[in-house]
Structures are given as C-alpha cells and as structure tokens.
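Trainee:
Protein chains in written order, with the numbering used here: chain D, 1 to 804; chain W, 1001 to 1158.
(1) Can you give me, in chain order, the residues of the stretch 12-37 of chain D that have a beta carbon less than 9 Å from any beta carbon in chain W?
(2) Spell out a yes or no on whether the stretch 114-132 of chain D and the stretch 256-265 of chain D are touching, meaning 3 or more CB-CB pairs, one atom from each, closer than 8 Å.
(3) Are the Cβ atoms of residue 152 of chain D and residue 774 of chain D separated by less than 9 Å?
(4) Quick one: list the residues of chain W neighbouring residue 409 of chain D, beta-carbon separation under 8 Å, in chain order.
(5) How big is the Cα-Cα spacing for residue 328 of chain D and residue 385 of chain D?
(6) Between residue 1171 of chain W and residue 1070 of chain W, what straight-line distance do the alpha-carbon atoms span, to the nearest angstrom?
(7) So residue 432 of chain D is in the beta strand (DSSP E); what residue range does that whole segment cover?
(8) Please determine if the stretch 379-395 of chain D and the stretch 750-770 of chain D are in contact, where contact requires at least 3 C-beta pairs separated by less than 8 Å.
(9) Assuming residue 295 of chain D is part of the beta strand (DSSP E), what are its boundary residues?
(10) Beta carbon of residue 679 of chain D, beta carbon of residue 186 of chain D: below 9 Å?
(11) Can you check whether the C-beta of residue 1025 of chain W is within less than 9 Å of a C-beta belonging to chain D?
(12) Relative to the C-alpha of residue 537 of chain D, which residue among D:517, D:363 and D:565 is closest?
(13) Flag this pair as yes or no: are the beta carbons of residue 85 of chain D and residue 298 of chain D separated by less than 9 Å?
(14) With 8 Å as the C-beta to C-beta threshold (strictly closer), list the residues of the stretch 1051-1077 of chain W near chain D in chain order.
(15) So who's on the other strand from residue 265 of chain D, going by DSSP bridges?
(16) Does the Cβ of residue 28 of chain D have 16 or more other Cβ atoms within 10 Å, making it buried, or fewer, making it exposed?
(17) Can you list, in chain order, the residues of its chain with a C-beta nearer than 8 Å to that of residue 198 of chain D? Leave out the 5 residues immediately preceding and following it.
(18) To the nearest angstrom, how far is it from the Cα of residue 758 of chain D to the Cα of residue 736 of chain D?
(19) Identify the continuous beta strand (DSSP E) that holds residue 975 of chain W and give its terminal residues.
(20) Is there a Cβ from chain W that is less than 9 Å from the Cβ of residue 634 of chain D?
(21) Go through its chain and collect everything with a Cβ distance to residue 432 of chain D's Cβ below 7 Å, but skip five positions before and after it.
(22) Taking the C-alpha atoms as reference points, what is the distance between residue 355 of chain D and residue 55 of chain D?
(23) Please classify residue 178 of chain D: does DSSP put it in a helix, a strand, or coil?
(24) Please report the Cβ distance between residue 96 of chain D and residue 143 of chain D, rounded to the nearest whole angstrom; I am assuming they are in contact, meaning their Cβ atoms lie under 8 Å.
(25) For residue 594 of chain D, which residues from the same chain have a beta carbon less than 7 Å from its beta carbon, with the 5 sequence-adjacent residues on both sides left out?
(26) Can you list, in chain order, the residues of its chain whose CB lies under 6 Å from that of residue 627 of chain D, leaving out five sequence neighbours each side?
(27) On the DSSP bridge assignment, give the partners of residue 744 of chain D in chain order.
(28) Just by C-beta distance, which residues in the stretch 173-192 of chain D are closer than 8 Å to chain W?
(29) What does residue 642 of chain D touch in chain W if you count any residue whose Cβ is under 9 Å from its own?
(30) State yes or no: is the C-beta of residue 515 of chain D within less than 9 Å of the C-beta of residue 439 of chain D?
(31) Within the 9 Å Cβ cut-off, does residue 1002 of chain W reach chain D?
(32) Which chain A residues sit within Cβ distance under 8 Å of residue 1132 of chain W?
(33) Show which residues of chain W have a CB atom less than 9 Å away from the CB atom of residue 650 of chain D.
(34) Determine the burial state of residue 168 of chain D: buried for a count of at least 16 other Cβ atoms within 10 Å of its Cβ, exposed for fewer.
(35) Of the residues D:598, D:576 and D:577, which one's Cα is nearest the Cα of residue 585 of chain D?
(36) Between which two residues does the beta strand (DSSP E) harbouring residue 122 of chain D extend?
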C-alpha cells in the first residue's frame, strides 16, 4: 500500500482550518431574500384559521406561504409520506411548521411572523408510549396500524420460547434508553435559487442530497431533471441531516415563486424541534443460556417512542432488533417491536440508528449473566462470538469478524484480568462489545440500480477529477475517495480533485448514512480507477515495450514514465479519457418480508473497556479512561479513523452520562401542553473538553472481501459498546445496576440508597406494558432447514393481542 | 432616511470601515457585512463557542458582542490567521493531526487556542482543556484537538 494506512492530512484539511469550507449558511447570492418559519406552539392541535394579511403587508415582506400552498406530502420512506412542508390543518408537535415568511432580511421576516394569526383547536396530547397504547384517539395519524401505534413488527427465527424453556438459566431484564439528539454545531441551513435556465438549485446542509432531490420533484411537482441539489459540507451530521426537511421544500418553493434566491438558517431552538434524533426505547430481554455460558435463544421486545411523524421510524424500529444476531451465536431469536406516535418532535436515525438501545440492553444483560454464572465477562463473550462467514438466525450474511482480537486488545491494555472486581470501593471496570453495518444493503426506495457511482475525468494535464454524489459530513468521505483512487493510480491524493454531493453533476450516491460511504463509494472508486488504469497501462506499455501487467503505478509514475506522459499517450490512443464505476451490495439470503433491514456488505466490530469512579456520598460519576479496539477491516487514513473512533467514544459517553431529550407537561392553567424541557445548547448537557477522559484507541485490521481493500466502517460502530461498558463499570465500582440511560448521579445515589436499605440495588424500568404485538413472521433459521423464506401462512403479520 | 451606522476598526491587521444596521452583533457584521464567513455560529446565545474571534487579542464570543462596541478595536478572525499563504502553526497542526473533522467549530477553537499560545508558550494538557472548555466540538472527542494544540505550541517554540 502506497497511500492507504499512512497518516496523512485529509485532502480538505486546509479548507477546514482556514475558514474556506463553504457551509450552506456561508452561501450569499445577489438579491437573496431570507425566510423564517412560524411553528406551532401546541403539541397537538387542529388549525382552524390562519390570517396572513398583516404579515403580507409588513414592510420588506415578499411572500407568505401556508399549508394550502403545499398539497403534496413527503417522507423519507415510501411507507411514511406523512409530512407536509407546512401543516395545513393538523399540528403534531411543538415546532411543527405552519407558515413561512420571505422578506428582505431575517429581521423583517421575524417581525412578520408575529403578525400571522393562527387559531388552533388544541387536542389531547399523547406524551409517551403508555399514553399512546391507552389512547387510540385522538389519532395523531390516520394511517397508523392500530390506534396511535405507528408500526407493529414480529419475527420468530426458530422457536425461541422452546429454546428458553430448555435452557439452564433464563434471564429477564428490562431496560430503557432515553431519547437524545444529534446536536451538530452547524444549524441546518438551505439556499434555493432559480438559475439562468430557469432551473432550481438547492444548496443544503443535508447528508442525503439524492433523497432531497426526489422529494423536491414530488412536492414541487417539477421534473427532477430541472432540479439540482447540492449538499454542502455538513458542520456535523450524526444522522440529524438524513431526513428531508420542511424548510428545504419551502425555501425551494419560495425561490421558484419569487424568482430570487431564498435562504433559511434554523436557529438552535428550531434544530431541537426538527430533531429526528435517538428514539426513546423500552426493552424487554429474555435470554437463555446453558450452565457453561452458551447463549441458547433470545426473545426481545421493544417499544419505540416515535414522536410526531414517521420519518425513518419504520426502519429504526426494525433496527431495534435486526442486529442482535451478528455479534454472538444465537441459535433462536424472537423479536417483537412497536413504534408509537407521540406529540413530540419526530425521532429518527442518530449514530447507530436504532441499534445502540438494544445493544445497551444486550451487553448489560451479558454482564449480569457472566456474574450469575461466575464467568469473566470477557470470557463469556469470547465463548459466544459468531464465527466468520456465518449466516445468522435472521439470515444475515456476515463476513470477517475481528471481535476476538478487539476483546483481547482492550483486556490486555486495560489490565482487565488484574483489575476487574478488584479495584476497591468506588472504582470499577466495565466491558462491552458492539457491531454495526457497513452500509444498508438496500436503498430506502425499492430499485435495482447501483447505490453509488464514481466518475473520473482525466486529461493530458495529468489532472484527475473524481465525481461522486457522496456527502462530506466531516467523516472524511472526500479523503477516502481521493485516497482510494490515488492508491490505484499511484498518484498523490492531493493530485485528485473531488467534486461531490451534487445531484446536477455527480453520479448518484444515496447519502452519508448507515456507514455506507467508504464501502460503497470505495468499491465504485476502485472500479472506475481500474478501468482508467487499464487504458493508461495499455498506452504506456506500447511506448515502453513492456506488457501492461508489468507496469507499476507508483509515486506519480507509470513504469519509467511520468503519470502525465502516460495519460497523454492514453488520450492519444483512446480519445478523451474517462471512466465510471458503480456499486450495488450483494443480495442478502433473507427472503421474508422484513428481511430488507439488517443486511450489509460487511459488519464492523468493537470492544470497549470503561473505567469508572463513583462517589458513594453524592453519586457523582467520573470516567478516567476508556480503552477501545475497533475492527476496521483496513485503515484508509489512520488520522481520520482514530478521529471517528474517539468521536464515537465521546458521543457514546455523553449519551451514557447526560444527554437526554426530555419534555414536561405544563400545569393545566398554562394549557397543559407538553413542551420541550431543554431546547438550548446550555441546558442540553453534553461533554466538554474538561469532561473527556483519556481514550486508548486500537485499530484492528481484519480485511473483509466485500470491502474496498478490505476497509470496513468506523463512523458509528465504536459508539455502540460505550454506554453498556459505562453501566457495567458502575456495577463493578459500587454494585448497583442502572438499567436506563442516561446514568446520572441522582440515579446512582438512589440505587445506592436502595442497596443500603437491603432493596434490589437497581434503577430502571419496573414493568413493560401490554403491547398488541402481531403473530410473528415465522422464519426457520438456516440450521433448522430454512431457505430464508417465511413459513406459508405466516407471511403477513396479523394483528392479535398477545400477552406481553 | 439613513439607518446604518459607521464603524472603523482594525480587521486582521488592516484598517477597515463598514456601514451596517446598528442592531447587529460582531458575528453578523463579520459574516453579513464584511463577507468573512469563516467565523461560524451554533447558537447565537454564547453557548457553543463556534463564533469566537479575538478582540484586542482576547477571545470573545462574537455573537455576544455588539458590533458598535468595536470602534477602533483590533478584530482577528480565522481568515487572518495565516502568514500570507502559509498556515499558522495551529492551522497546520489541526489539519495534519485530525483536529478538524467537520471543521465547523474549528475557527472558534483555533482563535481561542491562538490567544492561549500567545500568553503561554508551554501550556499543560489541563490548561488546554480549560482554555477550550467553552468551545463545543461534537466530532472529535477533543483528543486530537488537544494534541494539535500541543504540537503547534512545540512548533512555535522551535
């Protein structure tokens, strides 16, 4: 390897440190107008009347839009087209946009917002899943499956109840993971403009320009070919910019109507309302083990609080159960899930999308199992690790698995064997593991086309320009693109120009989500670069009189000639040069309905040890050090890879200790509405530089054959084990189980008080409500003679109330 | 009716004059009236540190400074950090060592770190943590930022 694996300055590094990276709100166009949105102050209400006359007459106002201007709905998933750009008659959370003002500046637009009169008829508020289950009416959405239950899912991969019945031990545990938000430092912004040809361009802080492109065509009823979406580099995404946003649709419509550029930048409070963050999830795990610690089966039930709209929620709900099988051998698995609508900002994908919640439960439960069986938690995991190149009970095809080495690394480096259970009062170590997708196997709308494409332009000047729809959100996707092409062509990454995230001029890439970019874009980039290399080699070989296979591409040379000379010869021989590459993930063996969520070209693995200190008098928690090892397959740029691991550790620790998106009900005299407790950066606590512990990072390389040069993901997986490792460390320190996140000092103190009174030293959910999970889709696992299909007669879930 | 006010200041070492709406903050003045969009905003309430600039050498949250207060003062932004085409040692270390991921909090942290290194040539890790504790970064986990500031301090001492 000439480029890969060597620490380098990222190709866009200079722009980022000089203030030259152009984020969406940095775009200024001549005659640009500014837009602000009026948002609902009610969590649940009908709109009876909107009067906009005074706002329209306000000086500097150019346009006022309301729900009647937008008859067409949108939604990121084909099954949840449930949002209007501006709500026409029904608002579903505090912050739901109802009107927009476009004016000469933000000041005038804000003044005009105050002049819009909206008469609301408040409806009963559904505040949490229990209320949603108890109150089928008023319906938040008419299309939900049952009352206010948005989606119900149930799967059975082998008879899990029977497996549990014949297990030596069955562990039943309840866990709760509070919702939290992405908190990118960049607030969402968009600029829309009609160009000289009369076509629409939208610049946006989005992770998914292709999906925004499709939604704009639908909502504005314009030909997609006349719309161009440019994803500006995102000032942090973490999943918060993967949904289609109201403000993008409205700004675009305003620009089309006015023929002038229109910009909107959300303020921080609005970013909290837009949300799409981590779903609050209540979980019930029933897990069987043999007396020597082998898992026999699991029955997982999840209850997912969706907030006011569908968004990615159907997929998020599948993900609360899809990946329980890819880390440890699990012969039988049953999974029931329900997502409910509530009158809160819509939830969606945040780093780890739906999987950190059950991962927390699974890994804390394993800690409890290890303790009960008297086995070291690391040994318990080593004993159960899935074998490489396996099919799981739910028919996921897993390739390379570097987890064993990850566990050995963190055990060794943390002094686990000498220190676990031996650190003395108030100090402890906790261990946990995780695994994650390297890209979702299927696109979010059904099609057989590639998920990504790379196009290369090269000419006699020796310049190589790479075009790809991939979106730079800080993770370094441009650097990965340049590095992989540079590796194939034997040139320097800085000699490649990356043009990315622009639906008007780059081949499609579905977006920066599901940790898909390195694997998918990388495979497409190799394909494109290899095609080009073949042409260049052929032309150079004729000149040099050697066979093309014997020509080395390295250090800017092709054999003995320069890369520029060789490209010139190729242009002479073949005419204008260029090549394309694309990538479609392998087809997954699962054939049952619901098998679309979980498959991936590869899976990454992580192990983590957290050291914690607990002050028994105050419950105060400190984390002095974290050890983490991540199976990355192959490292493209170790500087960036380490940054992704440590950024994940940071975000995981912050979720474990403090981040929570919580709401409170106002007293009846103040409307009784459910309001956001903390829509500000000051009140929404996150770790600062002073709170961040030392992190010891190890990259384990177990190359996966499906991945470019073997490189797997690193952006999301390393977050997963952090939260359970914190909980397990606290147990080691003071012997209390905090089975819900975040783990705050007051919860620890309460648990310690219970312990001192001789009560069960645990804080966490006490009960799981009755959920009308349907009859499961029954799919025999591969080792029970299945073929990946559901058994006949159980293809479609039937609604039936079952005991929970 | 004339509504704008007029301001003279030293901007990145050069004299500058600007006319603008009197209610604007220094952040808005820089981004909207002077075209210096390198300074970022994350809250406009003094909570995130993204908008930090130097006013007379001191780090200030430009979203909390009324632009009119800057008459005759020296304002430095990320655009003025380098020496001509050459990056400031902090900028180079940030780019080389992964201290900038998305790059959005970066200008604010660079300015804060610059003020620190101008006062202290060899700050301890604890001092560095303290100095940037008002600058939130959601990408890096801070480790590579600490290391880049230490590396820049070293390069500046050499």
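Ideal Cβ placement from N, Cα and C applies to all residues, glycine included.
Mentor: Once the coordinates are examined:
(1) 12, 13, 14, 15, 16, 17, 18, 19, 20, 21, 22, 23, 25, 26, 27 and 28
(2) no
(3) Residue numbering aside, residue 152 of chain D sits at position 152 when the first chain is read from its first letter. Residue numbering aside, residue 774 of chain D sits at position 774 when the first chain is read from its first letter. Contact flag set, yes.
(4) Sequence index remark: in the first chain, residue 409 of chain D carries index 409 (1-based). Ordered by position in chain W, no residue passes the 8 Å Cβ test against residue 409 of chain D, which lies about 18 Å from the chain.
(5) Here residue 328 of chain D is taken as the residue at index 328 of the first chain, counted from 1. Here residue 385 of chain D is taken as the residue at index 385 of the first chain, counted from 1. For residue 328 of chain D and residue 385 of chain D, the distance between alpha carbons rounds to 4 Å.
(6) Since the first and last residues shown for chain W are 1001 and 1158, residue 1171 of chain W lies out of range.
(7) The residue you call residue 432 of chain D lines up with position 432 of the first chain. Where residue 432 of chain D is concerned, the enclosing beta strand (DSSP E) starts and stops at 427-437.
(8) no
(9) Position 295 of the first chain, counted from the start, is the residue given in the question as residue 295 of chain D. Looking at the DSSP string, the run of the beta strand (DSSP E) that includes residue 295 of chain D is 295-305.
(10) The count along the first chain starts at 1 and reaches residue 679 of chain D at position 679. The count along the first chain starts at 1 and reaches residue 186 of chain D at position 186. Not in contact: residue 679 of chain D and residue 186 of chain D (Cβ atoms no closer than 9 Å).
(11) Stepping through the second chain from its first residue, residue 1025 of chain W is reached at position 25. No, no contact with chain D.
(12) Here residue 537 of chain D is taken as the residue at index 537 of the first chain, counted from 1. With distances taken between Cα atoms, residue 537 of chain D lies closest to D:565.
(13) The count along the first chain starts at 1 and reaches residue 85 of chain D at position 85. The count along the first chain starts at 1 and reaches residue 298 of chain D at position 298. In this structure, residue 298 of chain D does not lie closer than 9 Å to residue 85 of chain D by Cβ.
(14) 1077
(15) Position 265 of the first chain, counted from the start, is the residue given in the question as residue 265 of chain D. Its beta-bridge partners are D:189.
(16) To locate residue 28 of chain D, count along the first chain from 1; it is residue 28. It is exposed - the Cβ of residue 28 of chain D has fewer than 16 other Cβ atoms within 10 Å.
(17) Indexing the first chain from 1 puts residue 198 of chain D at position 198. Same-chain partners within the cutoff: 226.
(18) Here residue 758 of chain D corresponds to residue number 758 of the first chain, with the count starting at 1. Here residue 736 of chain D corresponds to residue number 736 of the first chain, with the count starting at 1. The straight-line gap from Cα to Cα measures roughly 12 Å.
(19) Coverage of chain W is limited to positions 1001 through 1158, which leaves residue 975 of chain W absent and any answer about it impossible.
(20) Here residue 634 of chain D refers to the residue found at position 634 when the first chain is read from its first residue. Taking Cβ atoms only, chain W never reaches closer than 9 Å to residue 634 of chain D, which makes this a no.
(21) For this step, residue 432 of chain D is matched to residue 432 along the first chain. Cβ neighbours of residue 432 of chain D beyond the five flanking positions: 363, 608, 721, 724, 725 and 728.
(22) Numbered from its first residue, the first chain carries residue 355 of chain D at position 355. Numbered from its first residue, the first chain carries residue 55 of chain D at position 55. Between residue 355 of chain D and residue 55 of chain D, the C-alpha separation is close to 45 Å.
(23) Stepping through the first chain from its first residue, residue 178 of chain D is reached at position 178. Coil at residue 178 of chain D, not helix or strand.
(24) Residue 96 of chain D sits at position 96 when you count from the first residue of the first chain. Residue 143 of chain D sits at position 143 when you count from the first residue of the first chain. The Cβ separation is near 17 Å, so there is no contact.
(25) Numbered from 1 along the first chain, position 594 holds the residue referred to as residue 594 of chain D. Contacts found: 153, 155, 318 and 777.
(26) Residue 627 of chain D sits at position 627 when you count from the first residue of the first chain. Counting only Cβ-Cβ distances below 6 Å, and skipping sequence neighbours, we find 410, 413, 414, 609 and 696.
(27) Sequence index remark: in the first chain, residue 744 of chain D carries index 744 (1-based). BP columns for residue 744 of chain D are empty, so no partner.
(28) Near chain W, meaning a CB-to-CB distance below 8 Å, the residues of the stretch 173-192 of chain D are 182, 183, 184, 185, 186 and 187.
(29) Your numbering for residue 642 of chain D matches position 642 in the first chain. Within chain W, the residues near residue 642 of chain D are 1098, 1143 and 1144.
(30) In the first chain, residue 515 of chain D corresponds to position 515, counting from 1. In the first chain, residue 439 of chain D corresponds to position 439, counting from 1. Yes, the pair counts as a contact, with Cβ atoms nearer than the cut-off.
(31) Position 2 of the second chain, counting from 1, holds the residue named residue 1002 of chain W. Residue 1002 of chain W does not count as touching chain D.
(32) Annotation note: the requested chain A is absent from the structure, which comprises protein chains D and W.
(33) Taking the first chain and counting its residues from 1, the one referred to as residue 650 of chain D is at position 650. Going along chain W in sequence order, the residues near residue 650 of chain D (Cβ under 9 Å) are 1137, 1138, 1139, 1140, 1141, 1142 and 1143.
(34) Stepping through the first chain from its first residue, residue 168 of chain D is reached at position 168. When all chains shown are included, residue 168 of chain D counts as exposed.
(35) Here residue 585 of chain D is taken as the residue at index 585 of the first chain, counted from 1. Comparing C-alpha distances from residue 585 of chain D to each of D:598, D:576 and D:577 shows the shortest one belongs to D:598.
(36) Along the first chain, one-based indexing puts residue 122 of chain D at 122. Note, residue 122 of chain D: beta strand (DSSP E), 117-122.
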